[in-house]
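When we follow the UniProt record's numbering, the leftmost residue of the sequence shown carries the number 1, and every step to the right adds one.
The C-beta atom is built at its ideal place from N, Cα and C for all residues, glycine as well.
Have a look at the structure below, then the notes.
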Amino acid sequence: MMTPTQLCKCLGDDTRLSLICLLHGQGEVCVCDLVDSLQAPQSTISRHLAQLRQCELVVARRQGTWMHYQLNPALPQWAAEVIATLVIPAREDLNITLPNTACCG
1 MMTPTQLCKC LGDDTRLSLI CLLHGQGEVC VCDLVDSLQA PQSTISRHLA
51 QLRQCELVVA RRQGTWMHYQ LNPALPQWAA EVIATLVIPA REDLNITLPN
101 TACCG
């Protein structure tokens, strides 16, 4: 079970916080859209997504060669509330643009 300390550690990195902000309210998002939105190498995004999966903040599904990510629907209520509270100010602070289905539709 996730603890508040673990949640803070997972979200304490700008890239991981940006990924959570991009996934919040979007349902499933392809890794290609996350790479496009953050203008970062795919290997960097995948490494941070793996850490978010390890923290159980996101879940993934493979479709062909692409991985699709979403916030873990089984997040504890308190964790979901913390994320929802952080999303708007973090999007503004980090200047995040939401994904727009860049390559795999």
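I'd like to check one pair, residue j with residue i: are the Cβ atoms closer than 7 Å?
i	j	result
C21	I96	yes
Q91	L52	The residue asked about is misnamed: residue 91 is Arg in this sequence, not Gln. No, they are not a contact pair.
L23	Q70	yes
L34	I45	yes
M2	A74	no
H68	C32	no
Between residue i and the ligand ATP, is there a pair consisting of the residue's CB and a ligand heavy atom that are separated by less than 6 Å?
i	result
T3	This structure simply doesn't include the ligand ATP, nor any ligand for that matter.
By Cβ distance below 6 Å, which residues in the same chain neighbour residue i in space, the five residues on each side in sequence not counted?
i	result
L11	L17
### Task
At 3 residues or longer, and completely inside the UniProt domain "HTH arsR-type" (1-94): list those beta strand (DSSP E) runs for me, N to C.
Taken in chain order, the whole beta strand (DSSP E) runs of length 3 or more contained in the UniProt domain "HTH arsR-type" (1-94) are 58-63, 66-71.
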